[in-house]
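>
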Amino acid sequence: MTGTITALNLARSQFAFTVSFHFIFPAFSIGLASYLAVLEALWLKTRDPVYDNLYRYWIKIFSLVFGMGVVSGIVMSYQFGTNWAVFSDKAGPIIGPLMAYEVLSAFFLEAGFLGVMLFGINKVGPRLHFFATCMVAFGTLLSATWILAANSWMHTPAGWMMNETGQFIPSGSWLAIILNPSFPYRFVHTVIAAYLTTSLCVGAVGAWHLLKDRTNRGARTMFSMAMWMAALVAPVQILAGDTQGLNTQEYQPAKVMAMEGHFDSYPSGAPLVLIGIPDEEQRRMRYSVEIPKLSSLILAHDINAPLAGLDTIARRDWPPVAIIFWSFRVMVGLGVAILGLGLFSLLARVRGKLYDWPLLHRLTVMMGPAGFIAVIAGWVTTEVGRQPFTIYHALRTAESVSPVASPAVTVSLAAFVVVYFSTFVSGGIYILKLMARPPSSNESVPDSLPTHAAGITPAAGIEAHRGH
Amino acid sequence: MHADLTIAWAAIIVFAIAMYVVMDGFDLGIGILFSRFKVGTERDTAMNAIAPVWDGNETWLVLGGGGLMAAFPLAYAIILPALYAPIIAMLLGLVFRGIAFEFRWRDAGHRARWDAGFCLGSIVATFAQGITLGAVLQGIKITGRGYGGGYWDWLTPFTVLTGLSLVIGYALLGACWLIWKTSGPLQAEARRLAAPLTPGLLAAIAAVSVYTPFLNSKYYTTWFTWPGFCALALMPVAVVAIGVVLRRHLRRDRDSLPFALVLSLFGLSLLGLAISMWPDIIPSRLSIYDAAAPYRSQSFMLVGACVLVPLILAYTTWAYWVFRGKVAEEGYH
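Chains as they are written, first to last, in our numbering: chain D, 1031 to 1498; chain C, 5 to 337.
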């Protein structure tokens, strides 16, 4: 029994590790692909060189992020089988086709046009090149659609029945499966999160260079674009998060109880627990700081509405309360901080000091990684909140795992950790180095590139084209 | 009706595997041979020959895995745990290789290390793919609806043989791609490397072919009774004929022909594999019909595949067309 629990936890750790690492890259590349499409569109429209310089600046970073996303994503398509064989057998008839559609419609589209986007500018001309950029951006969004449909189905399964061998199979329309109850909310919240993550990153790079040289045109433009995004989209995101929370409240109440730290039911008006230490053994919050009735107001829009607590849920169906309680607070805290940054930038803009307020720039640099942390924290909240099920209330995680014993999983987990850290971390460091270089007015290839390879790099290609 | 769909899906998976071998085989092969190229221009040009297309190529592998899970979930659920170690090794090899690919350009200070990673990752990934192929062919133990064997069942002399064979095969594909896409000293080096690899691949195909019928009595009956015997008689003739033409053309100036010939060798091997296994997906234990996803899943995906696969082939062809012709030392101009 201990053996199976260990193997289960190891399989979970390994999956959590590879998927968390993977998630960082698409979260960035979804936003960056759209940003590049916007930059190229602006360049085509205005012919202002600042936009195509920025395009060349960011496409170098994009190609690395995208490449790391591809290789870490290949791992994911096989981890379902290696670690979750029983889940794959049982849920394959529903999850499989959604992922197959992701590959067929999105991955090929991205990969097919990426080569042209990176290396093809002087082969195909600016309009066709812009089309390639748009196809890559569209592909990233399409990919998010399918994978979030599959993921949402695991949270709010719909349109299924079970066959005689215990497999989940479609009971009728695929639309019921794809448009399952949590999908629209999750999709909006996740895609906006990717855009915000990217804008914080772009903003931080712009701010970093403004701190050194506030006349740098490229830094000014990217900083201003990013701050518009943060100011306008952060409030939308908070609203989107709130509606997803209400949807979760309806379909996965135990998750919301854990997020709120509500061990007990409140017959008339539940308090909002700001902070505290969840004690699952004692089934209570310790040292909690609460605002009376506010939770009922947020979740039921009525300060005296009764709210059920974890005491109404069987203990074996509880998610891990402490993890969710904390990850939720990290996400919300960062969301509020991002909103604050956006408002600060609006103030600076109104006062005409957007490029001349070092405090704003320093704060923006500090907030650079905030999007990534918030995305991972939000995602931990929702996925850990799904526990102890893989398919909510239909298949337990403990019943989904592969018949692979712990030594094999231990060795492979160690191998993943070593390889991921040695490759992706050096990749990340290199990306930081690229970001530390100020955008020049004649953005070209990095110095470390051999000159004879210039023709294949995107930047030089664009340059050559425009030189005509 | 459902049986027809299942056959269609088996054909699509085989097609995805074939596409993967066609497309990623040569770039893994260039990785395998990488340490043999001179530091500097030769290596850079070899990389340029695959730069615009490699991540599209690897997408076929994702389709192979994703398609298998979608159309034959039971087979996916049994094969992957059975091949746990080689699959993980392949994935890590591909990670290493993909990252090295991106970073050798940019992190010139550690280029030797990235190059070694590219080469090693390519070899590990290829060897693991060959082992996977051999392990499926030799059979997998099943208990209930799951894998019933041990960790090391995949490791046998036969699987080591198929692993080595695939390394030789991809290396030859890589060399022939360079013969086609490059010129000058690198092309000459590729011709030199291809010369011994050609008989090497023929020997590997022969060894695997002779070994296979003795793995399983079903293979034996398939090949040594009518109509399999007919194929048995023709296969070696075809393989040897292609081999002879290939050897002669390695020295001549029809630069694209060797690559096409090696691909046809891979095609014949895949055909032989399909004849051996048909209609099973795990030999003698699980047929494609037993492993098939329900009708609604397969039909839903077939609609998508019929629309999207031709589209994919169209824009992939366009992408290759954009980068047609020889890769000059200066890269694509």
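Just so you know, even glycine gets a beta-carbon here, dropped at the ideal spot from N, CA and C.
Taking Cβ positions, are C/L95 and D/Y1281 nearer each other than 8 Å?
On the second sequence, position 91 is the one that residue 95 of chain C refers to. On the first sequence, position 251 is the one that residue 1281 of chain D refers to. Contact: no.
> Which residues in chain C have a C-beta closer than 7 Å to the C-beta of D/L1390? List them in chain order.
On the first sequence, residue 1390 of chain D is found 360 positions in, with the first residue counted as 1. Within chain C, no residue comes near D/L1390; the closest Cβ sits about 31 Å away, beyond 7 Å.
> What's the call for D/I1307, buried or exposed, on a 16-neighbour Cβ count within 10 Å?
Here residue 1307 of chain D refers to the residue found at position 277 of the first sequence. Exposed, since its Cβ has fewer than 16 Cβ neighbours within 10 Å.
> Take D/G1372 as the anchor and find which of D/P1349, D/M1361, D/M1397 has the nearest alpha-carbon.
Taking the first sequence and counting its residues from 1, the one referred to as residue 1372 of chain D is at position 342. The shortest C-alpha separation from D/G1372 is found at D/M1397.
> Can you give me the start and stop residues for the beta strand (DSSP E) that C/F76 sits inside?
Residue numbering aside, residue 76 of chain C sits at position 72 when the second sequence is read from its first letter. Where C/F76 is concerned, there is no enclosing beta strand (DSSP E), given that its DSSP letter is neither H nor E.
> In whole angstroms, give me the CA-to-CA distance for D/K1153 and C/I146.
Within the first sequence, the letter at position 123 stands for residue 1153 of chain D. Within the second sequence, the letter at position 142 stands for residue 146 of chain C. Cα to Cα, the separation comes out at about 53 Å.
> What residues in its chain sit with their C-beta under 6 Å from that of C/G152, if we drop five residues either side in the sequence?
Residue 152 of chain C sits at position 148 when you count from the first residue of the second sequence. Correct list, in chain order: K145, I146.
> Among C/F327, C/A50, C/F162, whose alpha-carbon lies nearest the alpha-carbon of C/L219?
Taking the second sequence and counting its residues from 1, the one referred to as residue 219 of chain C is at position 215. Out of C/F327, C/A50, C/F162, C/F162 has the C-alpha closest to the C-alpha of C/L219.
> I need the straight-line Cα distance from D/P1480 to C/T45, nearest angstrom please.
Locating residue 1480 of chain D in the first sequence gives position 450, counting from the first residue. Locating residue 45 of chain C in the second sequence gives position 41, counting from the first residue. Because the pLDDT of D/P1480 is 30, which lies under 50, any placement of that residue in the model is unreliable, and the number read from its coordinates should be weighed accordingly. About 10 Å.
> Run through the segment 188-270 of chain C for me and flag every whole alpha helix (DSSP H) of 4 or more residues, listed as ranges in chain order.
Taking only runs of at least 4 residues, the alpha helix (DSSP H) segments lying wholly in the segment 188-270 of chain C are 188-215, 221-228, 232-253.
> Pick helix, strand or coil for C/W184, following the three-state DSSP scheme.
Taking the first residue of the second sequence as position 1, residue 184 of chain C is located at position 180. C/W184 falls in the helix class under three-state DSSP.
> Less than 8 Å separating the beta-carbons of D/M1147 and D/W1176?
Position 117 of the first sequence, counted from the start, is the residue given in the question as residue 1147 of chain D. Position 146 of the first sequence, counted from the start, is the residue given in the question as residue 1176 of chain D. The answer is no: Cβ separation not under 8 Å.
> Roughly how many angstroms separate the alpha carbons of D/S1173 and D/G1145, rounded to a whole number?
Walking along the first sequence from the start, residue 1173 of chain D turns up at place 143. Walking along the first sequence from the start, residue 1145 of chain D turns up at place 115. If I take the Cα positions, the gap works out to 18 Å.
> For the segment 1184-1202 of chain D, which residues have a CB atom closer than 9 Å to at least one CB atom of chain C, in sequence order?
Those residues of the segment 1184-1202 of chain D that come within reach of chain C (Cβ to Cβ, closer than 9 Å) are N1193, T1195, G1196, Q1197, I1199, P1200, S1201, G1202.
> Could you list which residues in chain C have their beta carbon closer than 7 Å to that of D/W1204, in chain order?
By one-based count along the first sequence, residue 1204 of chain D stands at place 174. Ordered by position in chain C, the residues that pass the 7 Å Cβ test against D/W1204 are F304.
> Less than 8 Å between the beta carbons of D/A1404 and D/A1167, yes or no?
As a position in the first sequence, residue 1404 of chain D is number 374, starting the count at 1. As a position in the first sequence, residue 1167 of chain D is number 137, starting the count at 1. Cβ atoms of D/A1404 and D/A1167: not closer than 8 Å.
> Let me see if you follow: with CB-CB separation under 8 Å, is D/Y1087 close to chain C or not?
Taking the first sequence and counting its residues from 1, the one referred to as residue 1087 of chain D is at position 57. By this cut-off, D/Y1087 is not an interface position.
> Can you pull the chain D residues whose beta carbon is under 9 Å from the beta carbon of C/L277, in chain order?
Numbered from 1 along the second sequence, position 273 holds the residue referred to as residue 277 of chain C. Under the 9 Å cutoff, chain D gives no residues; its nearest Cβ is about 21 Å from C/L277.
> Just to confirm the assignment, what range does the alpha helix (DSSP H) spanning D/V1218 have?
Residue numbering aside, residue 1218 of chain D sits at position 188 when the first sequence is read from its first letter. Counting along the chain, the alpha helix (DSSP H) containing D/V1218 begins and ends at 1213-1242.
> Going by the beta-carbon positions, is the gap between D/L1390 and D/F1402 smaller than 8 Å?
Taking the first sequence and counting its residues from 1, one reaches residue 1390 of chain D at position 360. Taking the first sequence and counting its residues from 1, one reaches residue 1402 of chain D at position 372. No, these two residues do not count as a Cβ contact at 8 Å.
> Nearest to D/H1159 by alpha carbon, out of D/G1291, D/P1418, D/L1069, D/A1407?
On the first sequence, position 129 is the one that residue 1159 of chain D refers to. Ranking the options by Cα distance to D/H1159, first place goes to D/L1069.
> Suppose you measure from the CA of D/N1210 to the CA of D/Q1417; what does that come to, to the nearest Å?
Taking the first residue of the first sequence as position 1, residue 1210 of chain D is located at position 180. Taking the first residue of the first sequence as position 1, residue 1417 of chain D is located at position 387. Distance between the alpha carbons of D/N1210 and D/Q1417: 19 Å.
> Taking C/I246 and C/I127 to be in contact with their CB atoms under 8 Å, please state how far apart those CB atoms are, rounded to whole angstroms.
One-based indexing of the second sequence puts residue 246 of chain C at position 242. One-based indexing of the second sequence puts residue 127 of chain C at position 123. So it is not a contact: roughly 25 Å between Cβ atoms.
> Give the secondary structure of C/G150 by DSSP, where H, G and I count as helix, E and B as strand, and everything else as coil.
Reading the second sequence from its first residue, position 146 is the one you call residue 150 of chain C. It is a strand residue.
> Quickly, what does DSSP pair D/P1308 with across the bridge? List them, please.
The residue labelled residue 1308 of chain D in the question sits at position 278 within the first sequence. Per DSSP, D/M1315.
> Under 8 Å by Cβ, that's how I've got C/L201 and C/A242 pegged, so tell me the actual separation to the nearest angstrom.
As a working note, residue 201 of chain C is residue 197 in the second sequence. As a working note, residue 242 of chain C is residue 238 in the second sequence. Between C/A242 and C/L201 the Cβ distance is about 19 Å, and since that is not below 8 Å, they are no contact.
> Looking at chain D, is there any beta carbon in it that lies within less than 8 Å of the beta carbon of C/A297?
Taking the second sequence and counting its residues from 1, the one referred to as residue 297 of chain C is at position 293. Yes, contact with chain D.
> Less than 7 Å between C-beta atoms, sequence neighbours within five positions excluded: which residues of the same chain meet that for C/I17?
Counting from one through the second sequence, the residue named residue 17 of chain C turns up at place 13. Closer than 7 Å at the Cβ level, and outside the excluded window around C/I17, lie G68, G71, L72, A75.
> Go through its chain and collect everything with a Cβ distance to D/L1072's Cβ below 6 Å, but skip five positions before and after it.
Residue 1072 of chain D sits at position 42 when you count from the first residue of the first sequence. The answer, listed in chain order, is Y1081.
> Any idea if D/D1243 is buried or exposed, counting beta-carbon neighbours within 10 angstroms, 16 or more meaning buried?
Against the first sequence, residue 1243 of chain D aligns to sequence position 213. Exposed: under 16 other Cβ atoms inside 10 Å.
> Counting contacts by CB-CB distance shorter than 8 Å, is D/I1104 in contact with chain C?
Taking the first residue of the first sequence as 1, we reach residue 1104 of chain D at position 74. Yes, because at least one Cβ of chain C sits closer than 8 Å to the Cβ of D/I1104.
> Any chance you could list the alpha helix (DSSP H) runs of at least 4 consecutive residues sitting entirely within the segment 68-149 of chain C, in chain order?
If we require 4 residues or more, the alpha helix (DSSP H) runs fully inside the segment 68-149 of chain C come out as 77-86, 88-110, 115-142.
> Shortest alpha-carbon distance to D/A1046 belongs to which of D/V1095, D/Y1296, D/P1056, D/N1113?
Position 16 of the first sequence, counted from the start, is the residue given in the question as residue 1046 of chain D. When each option's Cα is compared against that of D/A1046, the closest is D/N1113.
> Output the boundary residues of the beta strand (DSSP E) element that contains D/I1421.
For the purposes of this step, residue 1421 of chain D is taken as the residue at position 391 of the first sequence. From DSSP, the beta strand (DSSP E) with D/I1421 extends over 1419-1421.
> Does the beta-carbon distance from C/F38 to C/D157 come in below 8 Å?
Translated into the one-based positions of the second sequence, residue 38 of chain C becomes position 34. Translated into the one-based positions of the second sequence, residue 157 of chain C becomes position 153. Result no, Cβ atoms of C/F38 and C/D157 do not sit closer than 8 Å.
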